[in-house]
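Trainee: Those letters in the sequence shown? Residues -20 to -1, 1 to 533, by mature numbering (1 follows the signal peptide of the UniProt record, and there is no 0). All C-beta atoms in this analysis are idealised placements derived from N, C-alpha and C, irrespective of residue type, glycine included. Before I ask anything, let me first share the structure, which is written out below as structure tokens.
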Amino acid sequence: MDGQLLPVLLLLLGASGLWGQGPGPEGPLEEPPEEEPPEEEPPEEDGILVLSRQTLGLALREHPALLVEFYAPWCGHCKALAPEYSKAAALLAAESAKVRLAKVDGPAEPELAEEFAVTKYPTLKFFLDGNHRHPEEYTGPWEAEGIAEWLRRRVGPSATRLEDEEGAQALIDARDVVVIGFFQDKDVATFLALAQDALDMSFGLTNQPQLFQKFGLTKDTVVLFKKYDEGRADFPVDEELGLDQGDLSCFLLTHSMHLVTEFNSQTSRKIFAARILNHLLLFVNQTLASHRELLAGFREAAPSFRGQVLFVVVDLGASNDHVLQYFGLKAEEAPTLRFINIETTKKYMPADRGPVTATSVAAFCHAVLGGEVKVCSRRSPPDWDQRPVKTLVGKNFEQVAFDETKNVFIKFYAPWCTHCKEMAPAWEALAEKYRDHEDIVIAELDATANELEALPVHSFPTLTYFPAGPGRKVIEYKGTRDLDTFSKLLDSGVHLLHLADDLLLEDGQHGPVLTHLLEHHAAFELVAHLLEVVSAGGRGGEGGSVRQFGGRP
């Protein structure tokens, strides 16, 4: 073959696929798959892994225990958490703990935020053994030692196994509150699960007969040892049902509390977590000897109410002004008692200002629990109706609000509330404007000092309209708080609000009242508010803005 033709022939053979580059007898060959880009090592900031969608998988494989914070750069709570989070990482690193802390910028990684159902910042998720499908929600404290302890109890034993008297006594001596489970193995899992989250207590467990004997036990029992009050509290385990985690948790919260707890920033979280709904508060100034002398009688009354009423001391000299404000108290009223149910937020006060003794404290508690004490109410001032804005208290509220000849507009306020103070001039101006209208009453009630049995107030200010006529209707106003809007509301006949059928017909069409308002160019905000009231429940549905007094709010 001509040597000059050989290169041409080779080129043609290559083009025809005989060299394996083109389609063969079984069709075209598949392209080789593209190589996956190598996984990136996540960077670190202050000992915290900074994760993204590209680095999360590697981090989960490399770190069997991983706590991940989903944060937003603009979030104030996230900024406050950041130094504590880094301190926690340093504490655990110093212990060579097998757990790492990481963070993800949620807004920058929306797919990760969606995958892990992050709806608020910061949100912390704990991943164990690389399981990314079911991470545990972080429920611990927001300070460094609390974060570290929460993690320690998940990567290590949450309770110490005790084999002898020396080990048991050493554990009891180490902390103010120590919980030891004396039982057989069937209850261990329940006990350890509870111990994971009770971070302010140390836990031990044993099945050793000599330890049962040392502590005077003849059956399975959980014992709480404490360095205060009665020193010890026992929780016998039900022989048939075994250890109930919910009951034990409630027992530990109740008995780990001091018989009398002083309210401060360190104890407030525990006070509200104790699951005791009734609180008795003694307000005193502990710089005064005469006030300090009252504490003994207060403490003496406490044991018989353990688990039913939480006894709390509020020291006026310890930056507790906000507590005084909540109860509508002035410092000069101390010493004084107040009783509150934190579920209903109803507050009670003694009928007289007699001396605070063990007997008077116990009698007051029994009276409140027995339903013999009415909720708090100030005395009506002699000139309550002399000003344009009428001053109401609990005792004269119903008489004024449900006068069938009057349309009554009431502001429920708190003296310390900024929004209440801001709207005060508009409320005074409204009262002045309508002072000569005999059928309109503008009033106010200090809701921190006066309780209403059937009309709880949960936010300030709350503006409520009580239209004239029978039926004891209650209409909550949620519009703009200014004189012009208040006036348009009154001038347009707010008493028609309870006539839902005249606003919207059953098929959603405009009723005659709404048609009239629209045709006469009533304020857009008023029309919108009327529609909101009706659609929210003006036809008698639960939870609406229009309701019968005494009905469900």
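Would you list, in sequence order, the uninterrupted beta strand (DSSP E) runs of no fewer than 3 residues that lie entirely inside the stretch 357 to 408?
Mentor: The stretch 357 to 408 contains these whole beta strand (DSSP E) runs: 370 to 372 and 387 to 393.
Trainee: Please classify K105 as buried or exposed, where buried requires at least 16 other C-beta atoms within 10 Å of its C-beta.
Mentor: By the 10 Å Cβ count, K105 comes out buried.
Trainee: Can you find the residues in the same chain that come closer than 6 Å, C-beta to C-beta, to W407, ignoring five residues on each side of it along the sequence?
Mentor: The answer, listed in chain order, is K391.
Trainee: Starting from N135, follow the alpha helix (DSSP H) in both directions and report where the run begins and ends.
Mentor: For clarity, residue 135 is Val in the given sequence; the question names Asn instead. Looking at the DSSP string, the run of the alpha helix (DSSP H) that includes V135 is A124 to V135.
Trainee: With C-beta atoms as the reference, is F319 less than 7 Å away from L275?
Mentor: It is not a contact, given that the beta carbons lie outside the stated cut-off.
Trainee: In whole angstroms, what separates the C-alpha of R286 from that of K327?
Mentor: Going by the C-alpha atoms only, they are around 20 Å apart.
Trainee: DSSP three-state call for Q489: helix, strand or coil?
Mentor: Confidence at Q489 is low in this model, with a pLDDT of 48, below 50, so its placement is unreliable and no value can be given for it.
Trainee: Use the C-beta contact count for H501: other C-beta atoms within 10 angstroms, 16 or more gives buried, fewer gives exposed.
Mentor: Low per-residue confidence applies at H501: pLDDT is 41, beneath 50, and the placement is therefore not dependable, though the value from the model is reported in the following sentence. Answer is exposed; the Cβ neighbour count stays below 16.
Trainee: With DSSP as the reference, please indicate the residues paired to A82 in a beta bridge.
Mentor: The partner list for A82 (beta bridge, DSSP) reads L29 and V48.
Trainee: Where F162 and L142 are concerned, what is the direct C-alpha to C-alpha distance, given to the nearest angstrom?
Mentor: Cα to Cα, the separation comes out at about 10 Å.
Trainee: If you measure between the beta carbons of V84 and L131, is that distance less than 7 Å?
Mentor: Against a cut-off of 7 Å, the Cβ pair of L131 and V84 comes out as no contact.
Trainee: Kindly identify the DSSP beta-bridge partner or partners of P216.
Mentor: DSSP lists T201 as partners of P216.
Trainee: Counting only the same chain and skipping the five closest in sequence on each side, list residues whose C-beta sits under 7 Å from that of W122.
Mentor: Same-chain partners within the cutoff: L61 and E64.
Trainee: Which whole-angstrom value is the C-beta distance of G308 and D426, which I expect to be below 8 Å?
Mentor: So it is a contact: roughly 6 Å between Cβ atoms.
Trainee: Report the residue ranges of all alpha helix (DSSP H) runs contained in full by the stretch 296 to 347; include only those spanning at least 4 residues, in chain order.
Mentor: Segments of the alpha helix (DSSP H) lying fully in the stretch 296 to 347: 301 to 306.
Trainee: What would DSSP say about F163, mapped onto helix, strand or coil?
Mentor: Coil.
Trainee: Name the residue from A124, L317 and E75 whose alpha carbon lies nearest to the alpha carbon of C356.
Mentor: It is L317.
Trainee: Using only the alpha-carbon positions, how far apart do C58 and E378 sit?
Mentor: If you take the alpha carbons of C58 and E378, they lie about 47 Å apart.
Trainee: Leaving out the 5 sequence neighbours to the left and right, which residues in its chain are closer than 7 Å to L233 when beta-carbon positions are compared?
Mentor: Taken in chain order, the residues that qualify are A253, A254 and R255.
Trainee: For A423, name the three-state secondary structure that DSSP assigns.
Mentor: In this structure, A423 counts as strand in the three-state DSSP scheme.
Trainee: If you scan the stretch 257 to 288 from start to end, which runs of the alpha helix (DSSP H) of 4 or more residues do you find wholly inside it?
Mentor: Counting whole runs of 4 or more residues, the stretch 257 to 288 contains the alpha helix (DSSP H) stretches 269 to 272 and 274 to 281.
Trainee: Taking the DSSP output, what are the residues bridged to V158?
Mentor: Looking at the DSSP assignment, V158 forms a beta bridge with S182 and F205.
Trainee: For the alpha helix (DSSP H) holding Y65, just list the boundary residues, first then last.
Mentor: Residues G56 to A74.
Trainee: Across the stretch 217 to 228 and the stretch 288 to 297, are there enough close Cβ pairs to call them in contact, namely three or more that are closer than 8 Å?
Mentor: The answer is no - the stretch 288 to 297 does not touch the stretch 217 to 228, with fewer than three Cβ pairs under 8 Å.
Trainee: Please classify L104: does DSSP put it in a helix, a strand, or coil?
Mentor: L104 falls in the strand class under three-state DSSP.
Trainee: So V240 and F278 are in contact, right, with Cβ under 8 Å, and what is the actual spacing, rounded?
Mentor: Indeed, because the Cβ distance is near 6 Å, the residues count as touching under 8 Å.
Trainee: For E129 versus L71, is the C-beta spacing smaller than 7 Å?
Mentor: No; because the gap between Cβ atoms is not below 7 Å, this pair is not in contact.
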